[in-house]
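Residue numbers (my numbering), protein chains in the order written: chain A, 37 to 461; chain B, 37 to 461; chain C, 37 to 461; chain D, 37 to 461. Glycine is no exception: its CB is placed at the ideal position from the N, C-alpha and C atoms. Keep in mind it's a predicted model, so treat the numbers as computed, not measured. Structure record follows, encoded as structure tokens.
Protein chains: 4
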Amino acid sequence: MQLTKDQIASANGNLNDHEADFNYLANKLSRSGTDVESLVKSLADFQVAVPSWALGAGGTRFGRFSFHGEPGNLEQKMDDVGILHALTQTAGAVSLHIPWDTPQDYAAVKQIANRNGIVFDAINSNTFQDQPGSKYSYKHGSLANTDEAIRAQAVQHNQEVVRIGEKLGSKSLTIWLADGTSFPGQRSFQKALAQTEKSCQEIYTALPEDWSLLIEYKPYEPNFYSTVIMDWGTSFMLANACGDRAYTLVDLGHHLPNTNIEQIVATLMAKGKLGGFHFNDSKYGDDDLTVGSIKPYALFLIFNELVYGMRHNPENPNLAWMIDASHNIKDPLEDLIQSLEAIQEAYAKALLIDQIALSEAQLNHDVVKCQEILQEAYRTDVRPLLQRARLSRGGALSPLAAYRSLKVRENLIRERGMHTVATGL
Amino acid sequence: MQLTKDQIASANGNLNDHEADFNYLANKLSRSGTDVESLVKSLADFQVAVPSWALGAGGTRFGRFSFHGEPGNLEQKMDDVGILHALTQTAGAVSLHIPWDTPQDYAAVKQIANRNGIVFDAINSNTFQDQPGSKYSYKHGSLANTDEAIRAQAVQHNQEVVRIGEKLGSKSLTIWLADGTSFPGQRSFQKALAQTEKSCQEIYTALPEDWSLLIEYKPYEPNFYSTVIMDWGTSFMLANACGDRAYTLVDLGHHLPNTNIEQIVATLMAKGKLGGFHFNDSKYGDDDLTVGSIKPYALFLIFNELVYGMRHNPENPNLAWMIDASHNIKDPLEDLIQSLEAIQEAYAKALLIDQIALSEAQLNHDVVKCQEILQEAYRTDVRPLLQRARLSRGGALSPLAAYRSLKVRENLIRERGMHTVATGL
Amino acid sequence: MQLTKDQIASANGNLNDHEADFNYLANKLSRSGTDVESLVKSLADFQVAVPSWALGAGGTRFGRFSFHGEPGNLEQKMDDVGILHALTQTAGAVSLHIPWDTPQDYAAVKQIANRNGIVFDAINSNTFQDQPGSKYSYKHGSLANTDEAIRAQAVQHNQEVVRIGEKLGSKSLTIWLADGTSFPGQRSFQKALAQTEKSCQEIYTALPEDWSLLIEYKPYEPNFYSTVIMDWGTSFMLANACGDRAYTLVDLGHHLPNTNIEQIVATLMAKGKLGGFHFNDSKYGDDDLTVGSIKPYALFLIFNELVYGMRHNPENPNLAWMIDASHNIKDPLEDLIQSLEAIQEAYAKALLIDQIALSEAQLNHDVVKCQEILQEAYRTDVRPLLQRARLSRGGALSPLAAYRSLKVRENLIRERGMHTVATGL
Amino acid sequence: MQLTKDQIASANGNLNDHEADFNYLANKLSRSGTDVESLVKSLADFQVAVPSWALGAGGTRFGRFSFHGEPGNLEQKMDDVGILHALTQTAGAVSLHIPWDTPQDYAAVKQIANRNGIVFDAINSNTFQDQPGSKYSYKHGSLANTDEAIRAQAVQHNQEVVRIGEKLGSKSLTIWLADGTSFPGQRSFQKALAQTEKSCQEIYTALPEDWSLLIEYKPYEPNFYSTVIMDWGTSFMLANACGDRAYTLVDLGHHLPNTNIEQIVATLMAKGKLGGFHFNDSKYGDDDLTVGSIKPYALFLIFNELVYGMRHNPENPNLAWMIDASHNIKDPLEDLIQSLEAIQEAYAKALLIDQIALSEAQLNHDVVKCQEILQEAYRTDVRPLLQRARLSRGGALSPLAAYRSLKVRENLIRERGMHTVATGL
């Protein structure tokens, strides 16, 4: 299934209200010095990757409630991303996960991507589950395993993933390790760290010259006493040990309670080592909820640092942006639409911050004013700007409303049936 | 020092921009069915108490940096609240703390209150510090002390506080206990609970018939292993053991990491036992930061429950609303202005929620829609509504801007000097 | 497979070292006033239930690594508990989970239980997963569902579980609800609570007269914004709304970070409302790790309260003790042996506390002494007491060593094969 | 006041019971291959510094309850450490804090130190409070201040502290910064980090050649939104930016909830960057409770890493060990005695771990065995070893009992009076 520009335009209907809203806001912002046109362009240019595993219903260890019309193969997943991108105009990339999404027919997959205006962003390996036919099990670890043969198998899998990515046009490999322990004493921390460093270096060395390595961190789960790459400091250390094209990847849900994530973002950008970003939201742990559904102000503060860094720290690569959420009780596509909207909203508000006034207030230690400046931007209703950016590219005025009025899910069920199951968690 | 309506009007200046903003928003909201006039009236009616100890600079255990022009006595504190109320029109009450604010001249204090349109809300006792001249120390507890004489002294102090409150027109007593332990084994949990229950009952029994008892809870600090009234469940149990006019008081900062506070609010309202509310914000513990400065969306969700409860649970009393924040690095009055604005903003957005559509979406298990409805309200820029509510009562268009343009702090310093110190923490 | 007393005795070998250790310790403890014989008897009498689902390898949402020789049906599960009990003499009960363990042949199951000296403790229902053939899905809740028909199905399932339990000799039903929300606004907190209360009352009313209802609480997972029964206060309120034979059940892993669990235990016992206890350990969330593997001192402090309550609060029922741990990377039976040992150790140490001296030190506010008294008990190496208790009932000197030397797992694999999979999570 | 060897010996009384206990344990340990003599020697050699500010009663922001007989000047503080060391034989160092402890008479202070066998460990600067007579305030930061003059004042203060330390024989400077923010937007994270790095480098460059710089980290308090040096990763990065003799200092209380501290210790040791260690215990935040009073098993696991690192990572310096606890409700000296005992206990148990068997079990992925090995050591009652180590140096069999029987506090009160107040927090 594919949505045409005409379908979307017809779903948009009359744009008069939008025009009025946009003009009101644009006038207001212009009066206080904002270059609205350039802001809308920044929004329109901003693209986020959709991970292939987010298109089916996720689950918890207590069970999984499936969703109807899930994509049953990679081609259908690509179609789903195409639908998202047609509506939102901000989902212009996909992030594959191997072996869940190993292409059977590269040409066909690339053709669907092209047709939908989608590129292949960072590609993900998987050494946290055993694959049928694998010689060794990752039960006791992969890149950090005490057993050299198992480490070698895991390194080799990563290299294979890179070869797949090369054929599709990816330029970076994301490594997330479940390696760790659930009980004190189970491993030597020092040895596990040394082995992880060595394995990462092996993967890094074999990378194509124009590729980057993105190293993700996480404090716990699925291991519940320790994780080898537990925090940004460890990832940063490993990236430094690999080389210039190795970077840290931040996933918003991978932090201990109360962590100041925006400060981590700022630190990594200051050091030229922020390589990728996984969006989601959470209240307790790695809850993988819809972006912006729990702590939208924190997201805005993080975007403030990202915007600052993108302007002032050119030594960082183009960030690999991705949504990493999971949806047990929402239609996966609707959930992604809400996430994409929340990301754009936070970005728009961060762009509205009066950075010159803020710097000045900071120098004057005018703490009250600093807060006012941030809240001035945050309290602004930026939805007309998001609409304008989408419309400028042929997207939907309201992607969710269009998705429903165009009966996308109903059509997908008709095409695919009720009981398809997407690969993934 | 006192601000006149004229001063404020002149600080407001030209209201054309406000008119345009308000009309734009009111039209938009009216089209989607909101009764804007009634909403503005609700905002204008909403009043929050300012605690007398929030008018000087707070501190941490590591030190205190004083602020200039702090109020040196109760009369000056009342003046400060008067200034706040004149500007914001939402600070129409004060909450005193005994013995920090024991009036010397009741008539004078009441006169200042009247002149400023301020009433006396819940009054607070203090059994967490020793007072000069006290016979017994609270080092090892007050209402929960193992020593009967010390418990009696603490009960008596509370009764005295009530007598002071009666003379001022207060109608409720707030008890916050520091009682607890810093080391395992230090106390018997069961005995401490039983003694606390008995002491609370003694205080309750002696209350005037039209008074309420508000029982605050807190998980830790200043004790670091256990606190006698550790959570809402314990407070609720104690309130039930006292009687109908005993209620739980929720302070936003008094929860363990990741607590769902809005659910606690809903539960207490459902049971008719929510009696008071202390506003502040925090990232780590009882940080006592400006309301809305860290988690404004959580504040909105809490207000959603409060609004629901105020409509559907008439068995709850009129809530004793209070700000309980502390300000080491901001001008205390500016900080309170920011807090009051954030409270009004959250209240306004909660009032905007389309409750009928929400109920329907909940019944349909349309989780995506439920989120959309909340976010529709939250994303709206409600500042013109707040301005209109303030203007309708003679307040400032922008209280902070007026405070600065009228040079309030400079005047206070001139009147009071640089080095006054307010009583409090 | 069944272990005979002879096999165990032969695995125990020479007991001289044990005799020497026990005598040394018994003499030492007797000198300071401990009645060692009675203490050993208390330990020998203490029995903990093993949940039927703990006998296979658990998993996380990221995958599951199976273990060889897992029990393939209920009879084999009962055999496993029999092995555990023969070795440890403290696993004299089993806790079934319906529908995972619905008996096919009641007589056969009871016969295995009798043969192994095992009774049937609290029985567990499951309304957090959909069962094949069920009319309605629990995707959007069970006892708290907005839909009356779904609530009725869930109530009925619980009643059916009771009928199964009756045939086996159980006397209590444990309810754990996954009901809750993952997104703000998804449900009305007040309505969900009211519906849960009503459903619990329906189940309670239909209980046999000699049965108890145990209501479990949990702050989050598998729902990540709110859980209907989120904390002890909510469970306590629901138990009170049901009646005298409804109690709260505490699972050690179901708390927010830093919760003082021992205080909750003390509170519930003081009010006669502690009905059951699930043991496990955790560092981050509901990690379900081996008991005592992370925070053994906290476990000791909890046992201190349990011992106190069992002595002073006869209004509480005989507690339903159970282990609720999960084991991805350990042999499940070895893991349970370690958990049982840790429970017995904490119990023994709690029994060693000099309660008279402790009360006195508490009255004297001698905080240093209070700590010394607890630590004196905790620092004692009580393993000879545990050995003596086991030996007195024909158990193993060292259950783990015996398990390995008797090659239990190897035998189970021979009997059952490599690739059996136990029902459960 | 000073305790003589004779006084202590007489307080020790008859040692027969100790002999019996020690022999029983030593025999048992020797049989399983432990070199008991060498272990006792390691314990006897292990020395911990007492911070000068721990000798008076601490406080919280809610108040302070003073203790009688507090040391009124530096000489009296040195006497207190002397008493501690005489009793425990493990407090052979003191850590001064400037300006709280600036010596008036260096010769006198050194003489007291010599007489008591005490050396001067790391010296601490203070830029988190304003000092009388200082030109600039640290209200808005010190080493990270936006204002160059204030940064310079703070750097200069640190250099002065070094000069004081040089005269006393210290060889390292500990920097703890309160610098940070309480509100989003208050500072630029990137600039604050850059300025901190620059200031640290200036201090480092001016250090004497045989001195080390120890950089402490802390996530929050007294700032409640962000702290400049928020975690080990930031401290590690700063230490690397300074040079070879700059290290990270770990304070046990300075971590977010659920942090795996032992893994941080292992990581820093693996990289040769662990320079100092502050002991305390906590349940919620930086609670500064007696060492080992809340999580003794975690302390043991940390010591396991420290022991491993001291053996395998010679590139780390001799660690600056210090207690950093505070005592509102205990006699400060008794509290320190309990802390010292808990440290020695954890160290002794860590030394008992069978490292060879552990390595082997780790290689075999025998997770159950790994846990058994750790617990075997932890469950051992090592108190006779601690007694033997103390006795071997002329210390007390039981320092706390001796302290009380020798009526030390009563004597101090007689000497110093009831109402002295020690400098410090």
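Bounding residues of the beta strand (DSSP E) (the contiguous stretch that carries residue i)
{"i": "W357 of chain A", "result": "A356 to I359"}
{"i": "S208 of chain D", "result": "S208 to I211"}
Endpoints, the alpha helix (DSSP H) within which residue i is located
{"i": "I239 of chain A", "result": "F225 to T241"}
{"i": "V130 of chain C", "result": "No alpha helix (DSSP H) holds V130 of chain C; the beta strand (DSSP E) holding it covers A129 to S131."}
{"i": "D371 of chain A", "result": "P368 to L388"}
{"i": "L465 of chain A", "result": "This structure cannot speak to residue 465 of chain A, because chain A is shown only from 37 to 461."}
{"i": "T270 of chain C", "result": "W268 to C278"}
{"i": "L436 of chain C", "result": "P435 to S441"}
{"i": "E245 of chain C", "result": "Looking at the DSSP string, E245 of chain C is not in any alpha helix (DSSP H), and its letter there is neither H nor E."}
{"i": "S46 of chain A", "result": "K41 to N48"}
{"i": "V145 of chain C", "result": "Y142 to N152"}
Cα-Cα separation between residue i and residue j, rounded to whole angstroms
{"i": "Q112 of chain C", "j": "G118 of chain C", "result": "10 Å"}
{"i": "L209 of chain A", "j": "R187 of chain A", "result": "17 Å"}
{"i": "H193 of chain C", "j": "V343 of chain C", "result": "35 Å"}
{"i": "A149 of chain D", "j": "V155 of chain D", "result": "7 Å"}
{"i": "G94 of chain C", "j": "Y261 of chain A", "result": "16 Å"}
{"i": "W89 of chain D", "j": "I297 of chain D", "result": "25 Å"}
{"i": "E233 of chain B", "j": "D116 of chain D", "result": "42 Å"}
{"i": "N316 of chain C", "j": "D42 of chain C", "result": "32 Å"}
{"i": "M358 of chain D", "j": "K366 of chain A", "result": "53 Å"}
{"i": "A127 of chain C", "j": "N160 of chain C", "result": "18 Å"}
Status (buried if at least 16 other CB within 10 Å, exposed otherwise) for residue i
{"i": "L421 of chain C", "result": "buried"}
{"i": "V404 of chain B", "result": "buried"}
{"i": "H176 of chain C", "result": "buried"}
{"i": "M454 of chain D", "result": "exposed"}
{"i": "I392 of chain B", "result": "exposed"}
{"i": "D267 of chain C", "result": "buried"}
{"i": "G311 of chain D", "result": "buried"}
Beta-carbon separation (whole angstroms), residue i vs residue j, contact threshold 8 Å
{"i": "H133 of chain A", "j": "P168 of chain A", "result": "No, H133 of chain A and P168 of chain A are not in contact; Cβ-Cβ is about 16 Å, not under 8 Å."}
{"i": "L91 of chain B", "j": "P368 of chain B", "result": "5 Å"}
{"i": "Q380 of chain B", "j": "H54 of chain B", "result": "That pair is no contact at about 15 Å."}
{"i": "V327 of chain C", "j": "L335 of chain C", "result": "7 Å"}
{"i": "R426 of chain A", "j": "T124 of chain A", "result": "7 Å"}
**Message:** In chain order, what are the residue ranges of uninterrupted alpha helix (DSSP H) at least 4 long that sit wholly in the segment 59-115 of chain A?
**Reply:** 72-81
**Residue ranges of each beta strand (DSSP E) within the segment 166-196 of chain B, 3 or longer** = none
**Request:** Jot down the residue ranges of each uninterrupted alpha helix (DSSP H) in the segment 283-348 of chain A, minimum 4 residues, whole runs only, in chain order.
**Result:** 297-306 and 332-348
**Item:** Inside the segment 389-429 of chain C only - alpha helix (DSSP H) runs reaching at least 4 residues
**Value:** 391-399, 403-415 and 419-428
**Message:** Against chain F, which members of the segment 341-367 of chain C pass a CB distance test of less than 8 Å?
**Reply:** Among the chains of the structure shown, chain F does not appear; the protein chains present are A, B, C and D.
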